[in-house]
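Data block below; observations after.
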Amino acid sequence: MAGCQLAAWHEESTLWAGKTLRQTEVERQLVVSECEGLCQLLAEREQVLLARLGELDTEIVRRREENAAHLCEETARLSTLITELEGKCQQPAPELLQGLRSAVSRGEEVMPLHLVPEFPELEKRLWDFPGENKLQEALMGFLGFRRAHIHAEMNLSLARQRTMVTYPGDLLGCS
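For the sequence shown, the tail end lands on 157 under the numbering used here, and the numbers increase by one without skipping.
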């Protein structure tokens, strides 16, 4: 009788081990699938963020070139004004005063130079960028959720297995 019970217990144990191994394989495939999905999600997010940084780079370069062109124009105007003023200095006093008034009024049009261009909207976009890149925070949230989900599934699976495998009391001499 004990031999039959041992054989039955061995068969149940073998069935339980097979079922459990199948469950771990399913879990393994699920983990691989979710990681592949997460990798794809991260790759897509990376492309979006890099594209935005590329657009920001392009805008910064465009503004820099516009500013350089503007400074060249202003430099040329100032150079012309200086040459004109130098010429006026050679003239008699009444003509010099009249010429200076005219040159000064033109100089006031040229003088509002901004030697250091300010692009507050570009700076804001750049400084706000790390706030948009909440990848690590999202990833940690995803992993925390997944970890809790896996633990809950494992506990449920273990609870089911405990109720499925029964050991006859007389097998261990407890009857």
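Cβ coordinates follow ideal geometry from the N, Cα and C atoms, glycine included.
Assumed close pair residue i, residue j - CB separation to whole angstroms, cut-off 8 Å
i	j	result
residue 189	residue 38	In the structure as shown, the chain begins at -17 and stops at 157. Residue 189 is therefore absent and cannot be evaluated.
For residue j and residue i, the rounded distance between their alpha carbons
i	j	result
residue 52	residue 12	60 Å
residue 101	residue 68	36 Å
residue 83	residue 76	11 Å
residue 45	residue 55	15 Å
residue -1	residue 14	22 Å
residue -8	residue 2	15 Å
residue 59	residue 66	10 Å
residue -14	residue 20	50 Å
residue 64	residue 104	35 Å
residue 7	residue 27	30 Å
residue 73	residue 48	38 Å
residue 57	residue 70	20 Å
residue -16	residue -4	18 Å
residue 111	residue 41	15 Å
residue -6	residue 4	15 Å
residue 18	residue 31	20 Å
residue 79	residue 62	18 Å
residue 87	residue 43	33 Å
residue 9	residue 16	10 Å
Simplified DSSP assignment, three categories, for residue i
i	result
residue -13	helix
residue 54	helix
residue 71	coil
residue 7	helix
residue 100	coil
residue -2	helix
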